[in-house]
Structures are given as C-alpha cells and as structure tokens.
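Report on one structure; see the data block that follows.
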Amino acid sequence: MPLTVRPNRKGVNLHFAPDTEDALEFVVLLGDTDPGASRSGRDELETLADLATLLAPIAFTGRIDGDAAELADVRQTRALLRRVWTLKRDDAVLEVNRMLREAKALPQLARHDVLDWHLHATVPEAPLGERMRVEAALALIDVIRSDEMGRLRICEADACTGLLLDLSRNGSKRFCSVRCGNRMNMIAFRERRATASPPGRE
662 MPLTVRPNRK GVNLHFAPDT EDALEFVVLL GDTDPGASRS GRDELETLAD LATLLAPIAF
722 TGRIDGDAAE LADVRQTRAL LRRVWTLKRD DAVLEVNRML REAKALPQLA RHDVLDWHLH
782 ATVPEAPLGE RMRVEAALAL IDVIRSDEMG RLRICEADAC TGLLLDLSRN GSKRFCSVRC
842 GNRMNMIAFR ERRATASPPG RE
C-alpha cells in the first residue's frame with residue numbers, strides 16, 4: 662500500500678520515517694471518509710465508486726477486487742483504525758499485535774517504482790483491507806516505540822471527528838484542517854465580539 666508520490670518534506674519536521682508518515686496520512690484519509698469527519702458530511706466510503714475515488718490518487722501494489730466484499734472489509738478497517746487512533750499506548754499495542762497476527766504478517770524490505778527501501782509485510786495477493794490494516798500496524802509500531810501516541814488525536818473543532826496527525830515541532834496542532842481552524846477562529850471571534858458589545862447592541 663505504499664504511496665508512490667510523497668509531499669515535499671523539505672523544511673518539515675520529520676518525526677518518523679517517510680513511509681511511516683505516508684501510512685499514517687493514509688489512515689487519516691481513510692478515517693476522514695466517515696460522515697462525522699468528511700467535508701461533505703456524508704459517508705464517503707459507501708459505494709464501490711467511493712472506494713475507487715479513495716484509491717485513485719494512491720498507487721497500491723497487489724490485489725484489488727473492486728467488489729462488495731472488499732468494500733465491506735475496507736469499511737470495517739476504517740472503523741477499526743479510527744478506534745485504534747485514540748487508544749492509550751498499551752491498548753494500542755494489543756490491537757497492533759492482533760492485526761499483525763491475524764494477517765500472519767512477515768515484515769520484509771521492498772523497493773519498487775519510485776520508492777526506496779521500505780517495509781511490506783503481506784503478500785501482494787492479500788485482500789486490500791488486510792493490507793491496509795498491516796500497513797497501518799507497521800506505522801503504529803513506530804509511533805508506539807517512540808511513545809508518540811499523543812500525536813494521533815481527534816480534531817477539536819465543533820461537530821468534527823476528523824483524525825488529526827500532529828507532526829508539528831511542539832505537538833500543538835488542534836484542528837484536522839485549515840477549514841476547521843478558520844471556522845473555530847470565526848466562532849471565537851464572534852463570541853468575543855458579543856461579550857464586548859454593550860447590552861442591547863450586537
């Protein structure tokens with residue numbers, strides 16, 4: 662499931678290996694198809710077309726069936742990873758170990774396309790949902806070993822359950838997107854203005 666195109670990381674604080682950050686960013690992308698997190702406010706992983714849209718910008722190696730069973734498995738994977746995202750460190754370990762155990766994961770270094778050496782732990786013929794879970798589990802291993810689970814959070818904006826991956830230097834990121842940040846800043850501004858206004862005036 663590695664991404665073949667990475668963002669320009671020049672000047673960015675790297676907390677984890679690039680392939681780990683790529684995998685975590687995909688978990689965010691997957692998790693934010695949930696209706697409580699999606700920009701549209703609907704379930705953006707409801708149909709096979711939705712799944713194709715999710716996968717379109719990402720080059721997956723291996724098997725993709727494009728059928729209802731695969732969609733159901735990916736939806737279950739979304740629910741699982743959203744739950745694991747905010748677990749305490751020791752609880753996350755249990756889930757990560759279970760994902761790896763159930764997939765009979767065997768980590769190996771691989772290099773293909775434009776990607777340098779990185780980890781794969783499933784065979785290419787493994788189901789898509791399983792490969793997603795294992796890629797996420799491998800990334801979470803780095804997060805857990807670095808004791809950085811606190812960088813995986815939920816957006817603090819009202820009425821948003823978007824996943825937040827905080828790679829800032831001081832871990833101060835609060836919102837999952839600029840849109841949520843701007844919305845909450847506007848709400849705070851209006852509240853301050855209302856408090857400062859004399860009685861009887863807006």
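Just so we're aligned, residue 662 is where the sequence shown starts under our numbering, counting upward by one. Every residue gets a Cβ at the ideal spot worked out from N, C-alpha and C, and that includes glycine.
| request: Quick one: which unbroken alpha helix (DSSP H) runs of 4-plus residues sit fully inside the stretch 720-777? Chain order, please. | output: 729-746, 750-763
| field | Burial state of residue 740, where buried means 16 or more other Cβ atoms lie within 10 Å | value | Sequence index remark: in the sequence shown, residue 740 carries index 79 (1-based). Residue 740 should be labelled exposed.
| query | By how many angstroms is the C-alpha of residue 797 removed from the C-alpha of residue 808? | reply | The residue labelled residue 808 in the question sits at position 147 within the sequence shown. The residue labelled residue 797 in the question sits at position 136 within the sequence shown. Straight-line Cα distance between these residues: approximately 16 Å.
| task | Drop a sphere of 10 angstroms on the beta-carbon of residue 684, count the other beta-carbons inside from all chains shown, and report buried for 16 or more, exposed for fewer. | result | For the purposes of this step, residue 684 is identified with residue 23 of the sequence shown, where counting begins at 1. So residue 684 counts as buried.
| request: Measure from the alpha carbon of residue 737 to the alpha carbon of each residue in 780, 794, 829, 764, then state which is nearest. | output: For the purposes of this step, residue 737 is taken as the residue at position 76 of the sequence shown. Among 780, 794, 829, 764, the Cα nearest to that of residue 737 is on 794.
| request: Take residue 804 as the anchor and find which of 747, 843, 715, 823 has the nearest alpha-carbon. | output: Looking up residue 804 in the sequence shown gives position 143. Of the listed residues, the one whose Cα sits closest to residue 804 is 747.
| query | Touching or not, the stretch 756-774 and the stretch 726-733, by the rule of three or more beta carbon pairs under 8 Å? | reply | no
| Residues near residue 732 in its chain [Cβ-Cβ closer than 7 Å; skip 5 each side] | Translated into the one-based positions of the sequence shown, residue 732 becomes position 71. Once the five neighbours on either side are set aside, the close Cβ partners of residue 732 are 709, 712.
| query | For residue 680, is the classification buried or exposed, using 16 other Cβ atoms within 10 angstroms of its Cβ as the cut-off for buried? | reply | In the sequence shown, residue 680 corresponds to position 19, counting from 1. Its Cβ being crowded by 16 or more others within 10 Å, residue 680 is buried.
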